[in-house]
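Chemist: If you're matching positions, the sequence shown starts at 279 in this note's numbering and goes up one per residue.
My structure is below; once you've seen it, I'll send some questions.
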Amino acid sequence: MIEPIIVQIKDSLRTSLELDAQMAALAALEKENGLSEVEWYAGPKLLVKLSFPKEFSDDEASMAISALQESEAVEKVVVQSAANLEFKSADFERSWKPDEAIPDAARRGFDVERLKRPPVAYSEKTELPPHVSNELIVRWKDEYVWEADRTGFDQQFASFNAQAECDVVAEQRYTDHDLTQTLEFDAVKYTVLDQLLLYQANEMVDYVQPNYLYELQSVPNDPFYNAYQKVYPLGKISAEAAWDMTTGKDDGSVVVAVLDTGANVASTNGHVAHPDLTPNLWSLQNSGAKHNFTENGHATTDVYDYESIPTGDSHGSNVASIIGARGSNGLYMTGLSQKVKLMILKVLPVPPSNITINGKTSIIVAAVNYAVAQGARAMNMSFGQYFCVSQHNDPDEGFVCDDDGFGLDPALLVALKSARNSGVVAVCAAGNGKLGIAQNNDTGNPFGPANMPFDTLISVANSDANDARYFNSNFGVKTVDLAAPGTGIYGLRQTFNGNGSDLANYSIFSGTSQAAPHVTGTIALLKAKYGWETANGLRDRVLMGTDDLTAWSGLVRTGGRLNANKALHARTLIRNVSTRARVENGDKIMIGGFFIGGSGTGTLKVAIRGLGPSLLGLTVAKLSNPKITLKKSDGTLVYSNDNYTTLPTSQLNELEANLLTPQNPFEAAMVCSGSGGATGCNALAPGGYNVFLESSNGTSFGVGLFEIYELEDGADEQTRLLNVSTRCLVRTGQEKAIAGVILGD
């Protein structure tokens, strides 16, 4: 039985008056070729799934596909098994059966963007950010703007504006079916909120908003930032440059759980919630749910961070504020993630005396599981323990295990594994014992949870203002990932007097407890910028985004200290994939398939090579005159080459600049970059491609090498080389297939 096919309708046709006529013609073509419609999909793309009759032969199916490909309505035809390479999951989210009517807004793709956009609903109690007092911005729905002069909706827009006593002062159009207007009105007669409510109720309006006022730069105006935080710690990790990319998200999509001693987040039991934490609290923080796990093993609602006596410490409030005290609100300090949603979970009690604070495994496990279930994307865990049967305190080395210890906490290990499987990043303090810490049989002392072996866990050491290791910070080149500022770090206390410049409002701590939340804050910024990124990807970006420092070489895995700006610019890429195998003719040529995708829509710059004569160490025949041909997955020719010396100068220069010039003039190569055809091969758009490696003369066979490189071009960094597969002849010895890959940033 022949598998179904997916047919994509041309995007240009969706907004054309010819759509109905072309769809009728396509339906007739389907019927003529015996095809049946199974399902329609209307989202970013307009797709239809078609099935063949059971009795169809391969030749009959090929003829039907060819007929479809020649249709003026069809962009491409893809077999169902390859749909995941050609299309995104969002393309299949909305479906209709053949006998169901597809709404015109969906069929033409007018509603795709607004379905992804969070709805904004104004009310009479809405408090608006700073804005122009007599202006607003309205975007009319695409389906009304499209052909508005023909349908008369342009007059309806004008009529409604006149009724609202609004004058059009500017218009923006990005396509022929969108219209955004800036409107001006009499601020004496109406407020902005009055007009927002009026336009919001109009069915023709896509969205309406104030004309917001933006500051020139993203440096916070919080009094304590310029007084202290600007130089250290936030200056050290390039926070201001990071904020040029994002200051975080306020829409609830980035939730960070803070497992600590609690924080001042609720105006209950005689307490007053801290105004620099309140705006950044998770939506369910004060909903009555139980977030204090320390009361006799039973969760309660009170997570207040009681001060220790006589020190007046506020450990949980300090940690939470480092991650996400509200920034740019003119109050107190700023967290690294100025906008985020903090889930405050109290897992360690603060006793009324200056004694050791202990949290139970069962309590921490319960909180970890709760955070995962409630959708946290990251957890900060500024606590830990050495797992030794017995230990002693050495004046020079700190706590030292007298034996091999127990290793790890199994119950917490299971909880953190569950968190890992749910895509949650765990950021852990490396500990303050002057020790190298161990994992399994590595040299050092077992300290958890920082040394638990998960690829979504980040262990953080304490770096001082001089970028050196603070004297008591734990370390471990195999167990501690990076350093971050943690020496003399100010943070909020639960008590406050309204004067953001008064040191009495801040606690000061030194330790890996303060280093960890700087990393957690960076994770929050990354998730805000790259919402699609996985937990592994977030961790990778942090570890790639460090400043290499001699002082940390050999002490932590990365050999460096956190740099938030570098982390926001970092990415993990498949830089190169290659396959070496014997190449003959016919169905025994080598075919390399690759896919370009990701969440981006930009093009990708790649280099492709077909080598043979220059291959070293072979006593068997080499492919003496290789030829490479690049085609799209539908068979469309992109570019071909059988001798790199014949390439345009621009491609030769690119090969030389990237040290990819073949060693033999009979070898083949190409660089696809830029646009407009100047290079001969333009940068590749997202989609599937095939490279055919064969003998140029069709008679000289041997072992050849196919390579593809992703090259840096400064373009859309969310477009990536995602998948490479190779079909080749496999023999034994030196003619067996060998594949290699290079990962980079």
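Beta carbons are placed, not taken as given, at the ideal position from N, Cα and C, and that holds for glycine.
How many angstroms separate the CA atom of Lys467 from the CA atom of Arg417?
Modeler: The alpha-carbon atoms of Lys467 and Arg417 are separated by roughly 23 Å.
Chemist: If I follow the unbroken beta strand (DSSP E) through Trp318, where does it start and stop?
Modeler: Per DSSP, Trp318 belongs to the beta strand (DSSP E) from Ser314 to Ala320.
Chemist: For the candidate residues Asp445, Pro488 and Ser615, whose alpha-carbon lies nearest to that of Ile415?
Modeler: Among Asp445, Pro488 and Ser615, the Cα nearest to that of Ile415 belongs to Pro488.
Chemist: For Gln487, which beta-bridge partners are listed by DSSP?
Modeler: For Gln487, which the question treats as bridged, DSSP gives the partners Ile415.
Chemist: Residues bridged to Glu862 by DSSP?
Modeler: The partner list for Glu862 (beta bridge, DSSP) is empty, contrary to what the question assumes.
Chemist: Below 7 Å between beta carbons: does that hold for Asp377 and Lys323?
Modeler: Result no, Cβ atoms of Asp377 and Lys323 do not sit closer than 7 Å.
Chemist: For the pair the stretch 927-945 and the stretch 972-990, tell me if three or more CB-CB distances fall below 8 Å.
Modeler: Flag = yes, the stretch 927-945 and the stretch 972-990 touch.
Chemist: Can you tell me which residues form a DSSP beta bridge with Glu985?
Modeler: For Glu985, which the question treats as bridged, DSSP gives the partners Ser856 and Arg887.
Chemist: Please report the distance separating the alpha-carbon of Ala845 from that of Gly778.
Modeler: Approximately 30 Å between the Cα atoms of the pair.
Chemist: Who are the near neighbours of Leu363 in its chain, counting only those whose CB is closer than 6 Å to its CB and skipping five residues on each side?
Modeler: For Leu363, where only same-chain residues beyond five positions count, the Cβ hits under 6 Å are Phe873 and Gly966.
Chemist: Which one or two residues does DSSP pair with Gly871 in a beta bridge?
Modeler: Its beta-bridge partners are Asn968 and Ser1003.
Chemist: List the residues that DSSP assigns as beta-bridge partners of Ala761.
Modeler: Looking at the DSSP assignment, Ala761 forms a beta bridge with Ala739 and Arg839.
Chemist: For Arg858, count the other beta carbons within 10 Å of its own beta carbon; 16 or more makes it buried, fewer makes it exposed. Which is it?
Modeler: By the neighbour-count rule (16 or more Cβ atoms within 10 Å), Arg858 is buried.
Chemist: Are the beta-carbon atoms belonging to Gly526 and Leu882 less than 7 Å from one another?
Modeler: Cβ atoms of Gly526 and Leu882: not closer than 7 Å.
Chemist: Answer yes if the stretch 690-698 comes into contact with the stretch 797-812, meaning at least three C-beta pairs across the two stretches below 8 Å, and no otherwise.
Modeler: Segments in contact, no.
Chemist: Using a beta-carbon distance below 7 Å, is Val534 in contact with chain B?
Modeler: In the displayed structure, chain B is absent; only one protein chain is listed.
Chemist: Span of the alpha helix (DSSP H) holding Asp427?
Modeler: Counting along the chain, the alpha helix (DSSP H) containing Asp427 begins and ends at Ala426 to Thr429.
Chemist: By alpha-carbon positions, which one of Asp554, Val646 and Thr639 ends up nearest to Ala603?
Modeler: Here the closest residue by C-alpha is Asp554.
Chemist: Using the C-alpha atoms, what's the distance from Asn658 back to Phe571?
Modeler: Their Cα atoms are separated by approximately 16 Å.
Chemist: Have a look at Val1008 and Ala1017 and give me their C-alpha separation to the nearest angstrom.
Modeler: Using only the alpha carbons, I get a separation of about 12 Å.
Chemist: Contact defined as beta carbons within less than 8 Å: I believe Arg224 pairs with Gly387. What is the distance between those atoms, to the nearest angstrom?
Modeler: Residue numbering for the chain in the displayed model covers 279 to 1023; residue 224 lies beyond these limits and cannot be assessed.
Chemist: Going by other Cβ atoms of all chains shown within 10 Å of its Cβ, with 16 needed for buried, is Ser595 buried or exposed?
Modeler: Buried, since its Cβ has 16 or more Cβ neighbours within 10 Å.
Chemist: When we look at the beta-carbon of Asp337 and count the other beta-carbons within 10 Å, is it buried (16 or more) or exposed?
Modeler: Exposed, by the Cβ-count rule.
Chemist: What are the boundary residues of the alpha helix (DSSP H) that includes Pro795?
Modeler: Counting along the chain, the alpha helix (DSSP H) containing Pro795 begins and ends at Thr790 to Lys807.
Chemist: Report the three-state DSSP secondary structure of Ala1017 (helix, strand or coil).
Modeler: In this structure, Ala1017 counts as strand in the three-state DSSP scheme.
Chemist: Is it buried or exposed for Gln441, if we count other Cβ within 10 angstroms and need 16 for buried?
Modeler: So Gln441 counts as exposed.
Chemist: Under 8 Å: do the stretch 471-487 and the stretch 725-732 share three or more Cβ pairs, one atom per stretch?
Modeler: Judged by Cβ distances under 8 Å, the stretch 471-487 makes no contact with the stretch 725-732, as fewer than three pairs qualify.
Chemist: Determine the DSSP secondary structure at Glu421, reduced to helix, strand or coil.
Modeler: Three-state result, Glu421: helix.
Chemist: Measure how close the beta-carbons of Asn968 and Gly864 come, nearest whole angstrom, since I'm counting them as under 8 Å.
Modeler: About 16 Å; that fails the 8 Å criterion.
Chemist: So Ser640 and Arg771 are supposed to be a Cβ contact under 8 Å. How far apart are they, rounded?
Modeler: Not a contact, Cβ separation roughly 29 Å.
Chemist: So, using beta-carbon positions, are Ser516 and Asn843 closer together than 7 Å?
Modeler: Cβ distance < 7 Å, so Ser516 and Asn843 count as in contact.
Chemist: Please classify Pro727: does DSSP put it in a helix, a strand, or coil?
Modeler: Of the three classes helix, strand and coil, the one that applies to Pro727 here is coil, per DSSP.
Chemist: Buried or exposed for Ile587, going by 16 or more other Cβ atoms inside 10 Å?
Modeler: Confidence at Ile587 is low in this model, with a pLDDT of 32, below 50, so its placement is unreliable and no value can be given for it.
Chemist: For Thr907, count neighbouring Cβ atoms within 10 angstroms of its own Cβ and tell me buried if that reaches 16, exposed if not.
Modeler: Its Cβ being crowded by 16 or more others within 10 Å, Thr907 is buried.
Chemist: So, for His455: in the same chain, excluding its five sequence neighbours on each side, which residues have a beta-carbon less than 6 Å away from its beta-carbon?
Modeler: Correct list, in chain order: Thr293, Asp420, Val423 and Trp424.
Chemist: Could you work out which residue in Phe438, Val550, Thr734 and Lys756 is closest to Phe774 when comparing CA atoms only?
Modeler: Closest option to Phe774, Cα to Cα, is Val550.
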